[in-house]
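**Student:** Structure in structure tokens, see below.
2 protein chains.
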Amino acid sequence: MSSNILLIPGPIVISENVQAALGTPSLSHTGPEFAAIFCSTLQKTRKLFKAGETAQPVLLAGSGTLGWDVAASNLIIPGERVLVLSTGYFSDSFAECFQTYGAKVDKLTAPLGGQVPVSDVREALANGHYKMISITHVDTSTAVLNDVRSICRVVKEVSPETLITVDCVCSVGCEKLEFDAWGIDYALTASQKAIGCAPGLSISMLSERAVGVALNREAQSSFFASLKRWIPIMQSYEKGSAAYFATPAVQLINALDVAIGEVLKPGLDARIAKHRDISNWFKSKVTEELGLKLVSANERVSAHGLTAIYVKNPPEVISALKKSGIVIAGGIHKDIKGEYIRVGHMGESACNDSLQHIQKCYDALKSLNL
Amino acid sequence: MSSNILLIPGPIVISENVQAALGTPSLSHTGPEFAAIFCSTLQKTRKLFKAGETAQPVLLAGSGTLGWDVAASNLIIPGERVLVLSTGYFSDSFAECFQTYGAKVDKLTAPLGGQVPVSDVREALANGHYKMISITHVDTSTAVLNDVRSICRVVKEVSPETLITVDCVCSVGCEKLEFDAWGIDYALTASQKAIGCAPGLSISMLSERAVGVALNREAQSSFFASLKRWIPIMQSYEKGSAAYFATPAVQLINALDVAIGEVLKPGLDARIAKHRDISNWFKSKVTEELGLKLVSANERVSAHGLTAIYVKNPPEVISALKKSGIVIAGGIHKDIKGEYIRVGHMGESACNDSLQHIQKCYDALKSLNL
């Protein structure tokens, strides 16, 4: 397999211990050994989101995208209104998912590289009767970081009955996130980003209020993604007792348990600060020393797990870095697709100084005389 | 991790090579290295189902259950009629999944341990105007094997426009299955059964006709499970070129590629014959020498990847075997839940003679003087 340095915005480089936990024999999904692992993983997942005992973690075999189906098919009844704050490709796709399950979607679209002004959110909420607002914490297509805390405050003030959903795919483990304190109702992420596990798991957190909505729902809009079916299973596993609806990905859960353990070990806040430092270092080097421009408009709206950089010939840059053994990604925002590159700096690559991954990436970019 | 011999009807013991392929670094899901692996896996998947170039394989991150959502949300429009042949827990759950997506379901229920008579199927089809018939090849709750070929013949004769869906979760790799020759339209399985991979992948095969239904469908009933979104992605990867809708589970796909390779290596027919031999040996020993009764009524309707055996005190038997390092499963059919055990004999445990797994399980059962 590859010995490249993988610096796309997920999947990312996984640690040796996570890799070892993945390459293990299968366990019985209903046996006590796996039940203990699943219980541990669920409990660590709470800590990762800064969620307390009233919140409900849900871990499913699937891509991160499955978390969108979980939100749209369990928390919204067809015909109900959703306000989507759009900052790029991923917000737009999430909006399509809501529509697939019958939601009426209004979109507030941010300027390219920026956030939706909080005043616009306030105004829309005041007139909207929205069942849900959806925010993409970090839109991986533009590396724009949204101010989830401020938006949550406005929602609580103007439309407290509106459920708050946050797509945290590229933020859990590398951005400040306070599920309970900010009053989030549904947050979703994936295993292969800053958490540092392999891809293949959808990771969600529900507030007590969201659990109520899901459990009290009569008609189900999905089967495999049905929370009414999964919540009792998760609760049983968290009590240490196996239960069955569909077979969990046992090796991936085992690897996730190790990966979250590594995120929590230095303290979650320290881990997030480390991502901020590496991100600030890389962004300042790229802008100040190489004179390149970022897609994210300014420091305040810039994500810390990846950097999106305008370059003249993205395929050439990507290919040149590949020759140095560094894998980065191209752009995917529809308006500027062929104009920028994306460099991920999450997990091991950002936090294990001995690897020097981000330094090496910067050196390789510098050598291209862009 | 566990050194137990895992003989539940999936997840099963995986080979050392599959385990090694799982415990590998993450790859870029859009890079050429992973595209080549995914292409290889898709091509091998065709061979596994005995499906030709007009059939379409689909590999998704998810539990096997996700394949039910794929069928129900892509091939059936709300209000259309589905005939479900029910042989136990899994057929009944699949029927619930169809109903979740708005299908009108009629069920033909087999006697416990037996099949639905083909004459009943013929009669129902003649009067039914069914968009789809669904058959569970092996119902893992009862170890009953259905005669898919005969049912397919009747469908083609009486109601050729009816789509044929087969749940092959516990049959692909251990039972005779001819996707093209029998005229199946949609077959689904999971990675952790006789294919011998870890759990976490939903594996499907569509006929040209089913692809047409999925692609011509206007309103989508699911997002992550939408074939209209996934088919172009699979076709692109099979041409060796990456494409994106949601991030595939790269390590699981890599492990699946190795696992299917191992299934195909001795020749698929030889592999299936091996399962039949081991199954026949185990079943005859258990019935003739231990005098125990099987849940499956007779040899003709008995699956070859697992055996369901009536015993007086299932929890005691399971616990006694666990002490000998052998993990088997309890019953899950609603009518006889506490009356039987289930022993899986698939993949490595059935085909690698040097392991002696099934012999050891039989010896352990014998020592209990049941």
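Chains A and B, in that order, give the protein sequences. According to UniProt numbering, the first sequence holds residues 1 to 370 in order. According to UniProt numbering, the second sequence holds residues 1 to 370 in order. For every residue, glycine included, the Cβ atom is placed at its ideal position computed from N, Cα and C.
I want to verify the contact list: residues of chain A whose CB lies under 8 Å from the CB of Gln356 (chain B), in sequence order.
**Tutor:** As a first step, residue 356 (chain B) must be located in the second sequence, where it is residue number 356. Residues of chain A passing the Cβ test: none, with the nearest at roughly 17 Å.
**Student:** Let me confirm a value: Thr100 (chain B) is counted as buried when at least 16 other C-beta atoms fall within 10 Å, else exposed. Which label applies?
**Tutor:** Sequence index remark: in the second sequence, residue 100 (chain B) carries index 100 (1-based). Buried, because 16 or more other Cβ atoms sit within 10 Å of the Cβ of Thr100 (chain B).
**Student:** Tell me the rounded alpha-carbon separation between Ala71 (chain A) and Gly62 (chain B).
**Tutor:** Within the first sequence, residue 71 (chain A) is the residue found at index 71, counting from 1. Within the second sequence, residue 62 (chain B) is the residue found at index 62, counting from 1. Taking the straight line from one Cα to the other gives about 17 Å.
**Student:** Can you have a look at Ala270 (chain A) and say buried or exposed, based on whether 16 or more other CB atoms are within 10 angstroms of its CB?
**Tutor:** Taking the first sequence and counting its residues from 1, one reaches residue 270 (chain A) at position 270. It counts as exposed.
**Student:** Alpha helix (DSSP H) containing Ala214 (chain A): first to last residue?
**Tutor:** Residue mapping note: residue 214 (chain A) aligns to position 214 of the first sequence, counting from 1. First-last of the alpha helix (DSSP H) with Ala214 (chain A): 208-216.
**Student:** Could you check which residue in A:Pro9, A:Pro315, A:Lys360, A:Thr41 has the C-alpha nearest to that of Lys285 (chain A)?
**Tutor:** Working through the first sequence from its first residue, we reach residue 285 (chain A) at position 285. Measuring from the Cα of Lys285 (chain A), the nearest candidate turns out to be A:Lys360.
**Student:** Can you pull the DSSP bridge partners for residue 371 (chain A)?
**Tutor:** No answer is possible for residue 371 (chain A): the residues shown for chain A start at 1 and end at 370.
**Student:** DSSP has Asp167 (chain A) in a bridge; who is on the other side?
**Tutor:** Taking the first sequence and counting its residues from 1, the one referred to as residue 167 (chain A) is at position 167. Its beta-bridge partners are A:Thr136, A:Leu188.
**Student:** Counting Cβ pairs, one atom from each stretch, are 3 or more of them under 8 Å apart for the segment 92-110 of chain B and the segment 46-54 of chain B?
**Tutor:** The segment 92-110 of chain B is not in contact with the segment 46-54 of chain B.
**Student:** Note down the Cα distance separating Gly173 (chain A) from Glu262 (chain A), rounded to an integer number of angstroms.
**Tutor:** Against the first sequence, residue 173 (chain A) aligns to sequence position 173. Against the first sequence, residue 262 (chain A) aligns to sequence position 262. Distance between the alpha carbons of Gly173 (chain A) and Glu262 (chain A) is about 10 Å.
**Student:** Counting only Cβ-Cβ distances shorter than 8 Å, please list the residues of the segment 87-107 of chain B near chain A, keeping chain order.
**Tutor:** If the cut-off is 8 Å between Cβ atoms, the segment 87-107 of chain B has Glu96, Cys97, Thr100, Tyr101 near chain A.
**Student:** Tell me which residues share the same chain as Lys228 (chain B) and place their Cβ nearer than 8 Å to its Cβ, disregarding the 5 neighbours each side in the sequence.
**Tutor:** Within the second sequence, numbered from 1, the residue matching residue 228 (chain B) stands at position 228. These residues qualify, in order along the chain: Asn74, Ala214, Leu215, Arg217, Gln220.
**Student:** 8 Å is my cut-off, CB to CB: does residue 400 (chain A) come that close to chain B?
**Tutor:** Because chain A in this structure spans residues 1 to 370, residue 400 (chain A) falls outside the shown range and cannot be described.
**Student:** Using 8 Å as the limit for Cβ to Cβ distance, is Met1 (chain A) near chain B?
**Tutor:** Position 1 of the first sequence holds residue 1 (chain A). With a pLDDT of 43 at Met1 (chain A), under the threshold of 50, the modelled position of that residue is not reliable, and no figure is offered here.
**Student:** What's the C-alpha gap between Gly102 (chain B) and Phe223 (chain A)?
**Tutor:** Counting from 1 along the second sequence, the entry for residue 102 (chain B) is found at position 102. Counting from 1 along the first sequence, the entry for residue 223 (chain A) is found at position 223. Going from the Cα of Gly102 (chain B) to the Cα of Phe223 (chain A) covers about 11 Å.
**Student:** At a CB-CB cut-off below 8 Å, which residues of chain B make contact with Phe223 (chain A)?
**Tutor:** For the purposes of this step, residue 223 (chain A) is identified with residue 223 of the first sequence, where counting begins at 1. The answer, in chain order, is Thr65, Trp68, Asp69, Ala72, Glu96, Cys97, Thr100, Tyr101.
**Student:** According to DSSP, is Met1 (chain A) part of a helix, a strand, or is it coil?
**Tutor:** Along the first sequence, read from residue 1 onward, the residue named residue 1 (chain A) stands at position 1. Residue placement at Met1 (chain A) cannot be trusted, given a pLDDT of 43 that sits under 50; what the coordinates show is reported in the next sentence. Reduced to three states, the DSSP call for Met1 (chain A) is coil.
**Student:** Does the beta carbon of Glu178 (chain B) sit closer than 8 Å to a beta carbon anywhere in chain A?
**Tutor:** Working through the second sequence from its first residue, we reach residue 178 (chain B) at position 178. Chain A contact via Cβ: absent.
**Student:** Could you name the residues of the same chain whose beta carbon sits closer than 7 Å to that of Ile164 (chain B), not counting the 5 residues immediately before and after it, in chain order?
**Tutor:** Taking the first residue of the second sequence as 1, we reach residue 164 (chain B) at position 164. Excluding residues within five positions, the ones whose Cβ falls inside 7 Å are Ile133, Cys152, Val155, Gly183, Ile184, Asp185.
**Student:** Name, going along the chain, the residues of the segment 14-27 of chain B whose beta-carbon falls closer than 9 Å to a beta-carbon of chain A.
**Tutor:** Flagged, chain order: Ile14, Gln19, Ala20, Ala21, Leu22, Gly23, Thr24, Pro25, Ser26, Leu27.
**Student:** Based on Cα-Cα distance, which residue from B:Pro315, B:Gly88, B:Asn280 lies nearest to Tyr340 (chain B)?
**Tutor:** As a working mapping, residue 340 (chain B) is identified with position 340 in the second sequence. Checked all of B:Pro315, B:Gly88, B:Asn280; the closest Cα to Tyr340 (chain B) is B:Pro315.
**Student:** Comparing the C-beta of Gly62 (chain B) with each C-beta of chain A, is any distance below 8 Å?
**Tutor:** Taking the second sequence and counting its residues from 1, one reaches residue 62 (chain B) at position 62. Chain A, which has a Cβ nearer than 8 Å to the Cβ of Gly62 (chain B), makes this yes.
**Student:** Please report how far the alpha carbon of Met1 (chain B) lies from the alpha carbon of Gly291 (chain A), in whole angstroms.
**Tutor:** The residue given as residue 1 (chain B) occupies position 1 in the second sequence. The residue given as residue 291 (chain A) occupies position 291 in the first sequence. Confidence is the limiting factor: at Met1 (chain B) the pLDDT is only 43, short of 50, which leaves the residue's position unreliable, though a coordinate-based value still follows. Computed Cα separation, rounded: 51 Å.
**Student:** Would you mind sorting Lys131 (chain A) into buried or exposed? The rule is 16 or more other CB atoms within 10 Å of its CB.
**Tutor:** Counting from 1 along the first sequence, the entry for residue 131 (chain A) is found at position 131. Buried, by the Cβ-count rule.
**Student:** Measuring alpha carbon to alpha carbon, tell me which of A:Arg342, A:Val250, A:Ile332, A:Pro248 ends up nearest Phe282 (chain A).
**Tutor:** Along the first sequence, one-based indexing puts residue 282 (chain A) at 282. The shortest C-alpha separation from Phe282 (chain A) is found at A:Arg342.
**Student:** Scan the segment 232-263 of chain A for residues whose Cβ lies nearer than 8 Å to a Cβ of chain B and list them as they occur along the chain.
**Tutor:** So the close ones are Tyr244, Phe245, Ala246, Thr247, Pro248, Ala249, Val250, Gln251, Leu252, Asn254.
**Student:** Within the 8 Å Cβ cut-off, does Gly31 (chain A) reach chain B?
**Tutor:** Counted from its first residue, the first sequence places residue 31 (chain A) at position 31. Answer yes: the Cβ-Cβ gap between Gly31 (chain A) and chain B drops below 8 Å somewhere.
**Student:** Compare the C-alpha of Phe34 (chain B) against each of B:Gly196, B:Ala194, B:Ile253, B:Glu80 and name the closest.
**Tutor:** Sequence index remark: in the second sequence, residue 34 (chain B) carries index 34 (1-based). Here the closest residue by C-alpha is B:Ile253.
**Student:** Based on DSSP bridge pairs, tell me the residues matched to Ile203 (chain B).
**Tutor:** Stepping through the second sequence from its first residue, residue 203 (chain B) is reached at position 203. Partner(s): B:Leu59, B:Thr189.
**Student:** Does any residue of chain B have a CB that is nearer than 8 Å to the CB of Asn352 (chain A)?
**Tutor:** Sequence index remark: in the first sequence, residue 352 (chain A) carries index 352 (1-based). No, Asn352 (chain A) does not count as interfacial toward chain B.
**Student:** Work out the CA separation of Pro9 (chain B) and Leu306 (chain B) for me, nearest whole Å.
**Tutor:** Looking up residue 306 (chain B) in the second sequence gives position 306. Looking up residue 9 (chain B) in the second sequence gives position 9. Distance between the alpha carbons of Leu306 (chain B) and Pro9 (chain B) is about 6 Å.
**Student:** Taking Asp106 (chain A) as part of the beta strand (DSSP E), name the residues at either end of that continuous run.
**Tutor:** Numbered from its first residue, the first sequence carries residue 106 (chain A) at position 106. From DSSP, the beta strand (DSSP E) with Asp106 (chain A) extends over 104-109.
**Student:** Where does Ala51 (chain A) fall in DSSP's three states?
**Tutor:** For the purposes of this step, residue 51 (chain A) is taken as residue 51 along the first sequence, with counting starting at 1. Of the three classes helix, strand and coil, the one that applies to Ala51 (chain A) here is coil, per DSSP.
**Student:** Using the three-state DSSP reduction, which class does Ile309 (chain B) fall into: helix, strand or coil?
**Tutor:** The sequence position of residue 309 (chain B) within the second sequence is 309, counting from 1. Residue state, collapsed to three classes: strand.
**Student:** Measure from the C-beta of residue 380 (chain A) to each C-beta in chain B and report whether the shortest distance is under 8 Å.
**Tutor:** Missing from the structure shown is residue 380 (chain A); chain A here goes from 1 to 370 and no further.
**Student:** Alpha carbons only, please: which of B:Leu294, B:Gln356, B:Ala124 is nearest the one belonging to Gly113 (chain B)?
**Tutor:** Within the second sequence, residue 113 (chain B) is the residue found at index 113, counting from 1. Nearest C-alpha to Gly113 (chain B): B:Leu294.
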